[in-house]
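Enquirer:
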Amino acid sequence: MGKSASKQFAEEVLKVHNDYRKKHGVPPLKLCKKLNRGAQQYAEELAATRVLKHSSESANGNCGENLAWASYDQTGKDVADRWYSEIKNYSFQNPGFSSRTGHFTAMVWKNTKKIGVGKASASDGSTFVVARYDPAGNVVNPGYYEENVLPPRK
Numbered sequence: 489m490g491k492s493a494s495k496q497f498a499e500e501v502l503k504v505h506n507d508y509r510k511k512h513g514v515p516p517l518k519l520c521k522k523l524n525r526g527a528q529q530y531a532e533e534l535a536a537t538r539v540l541k542h543s544s545e546s547a548n549g550n551c552g553e554n555l556a557w558a559s560y561d562q563t564g565k566d567v568a569d570r571w572y573s574e575i576k577n578y579s580f581q582n583p584g585f586s587s588r589t590g591h592f593t594a595m596v597w598k599n600t601k602k603i604g605v606g607k608a609s610a611s612d613g614s615t616f617v618v619a620r621y622d623p624a625g626n627v628v629n630p631g632y633y634e635e636n637v638l639p640p641r642k
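Each residue of the sequence shown is one higher than the one before, starting from 489 at the first, in our numbering.
Here it is, written out as structure tokens:
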């Protein structure tokens, strides 16, 4: 695949997000070319510096952002499954933000409509993945988690 995310990789990340979102009864996301470009550019910056850190809100257009790093070539499913696995740490009885669940809650945030995905490889073969969400989730206002992070349907 080379240095950058393929359309196939982005579509795989989107599909897994939407499969999980369906379980939570929230609308599917749409892939956004503009968000893809920004996410790809930032993934390439991360790969060049080999430092995993969030971009500034001004740089990412106030979008939400999930990041992933691995020492190997990650698949879109690997990344999305890893983010979603944080559901095990989330309390639907006591909803709110936690650094242990932020990737999961960003994925299933009801009011988010669009996603962009970027992936880049560092010189050592490790990979960096960036997902950007618009509008951003993880908004820490009263009632927002209750309205936007719904429990999975039985």
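Don't be surprised by glycine CBs; every beta carbon is placed ideally from N, CA and C.
With 16 as the cutoff for other CB atoms within 10 Å, does residue 508 come out buried or exposed?
Expert: Residue 508 sits at position 20 when you count from the first residue of the sequence shown. Looking at its Cβ environment, which holds 16 or more other Cβ atoms inside 10 Å, residue 508 is buried.
Enquirer: Does the pairing of the region 588-599 with the region 522-542 give three or more beta-carbon distances under 8 Å?
Expert: no
Enquirer: What are the start and end residues of the beta strand (DSSP E) that includes residue 563?
Expert: Counted from its first residue, the sequence shown places residue 563 at position 75. Premise fails: residue 563 is in no beta strand (DSSP E) and is neither H nor E.
Enquirer: Please report the straight-line C-alpha distance between residue 629 and residue 557, rounded to a whole angstrom.
Expert: In the sequence shown, residue 629 corresponds to position 141, counting from 1. In the sequence shown, residue 557 corresponds to position 69, counting from 1. Computed Cα separation, rounded: 30 Å.
Enquirer: Taking 8 Å as the cut-off, does the region 511-520 touch the region 600-610 (at least 3 CB pairs, one atom from each stretch)?
Expert: Contact between the region 600-610 and the region 511-520 is present: 3 or more CB-CB pairs across the two stretches fall below 8 Å.
Enquirer: In whole angstroms, give me the CA-to-CA distance for residue 612 and residue 501.
Expert: Position 124 of the sequence shown, counted from the start, is the residue given in the question as residue 612. Position 13 of the sequence shown, counted from the start, is the residue given in the question as residue 501. Computed Cα separation, rounded: 23 Å.
Enquirer: To the nearest angstrom, how far is the alpha carbon of residue 584 from that of residue 548?
Expert: Mapped onto the sequence shown, residue 584 falls at position 96. Mapped onto the sequence shown, residue 548 falls at position 60. Whole-angstrom Cα-Cα distance: 23 Å.
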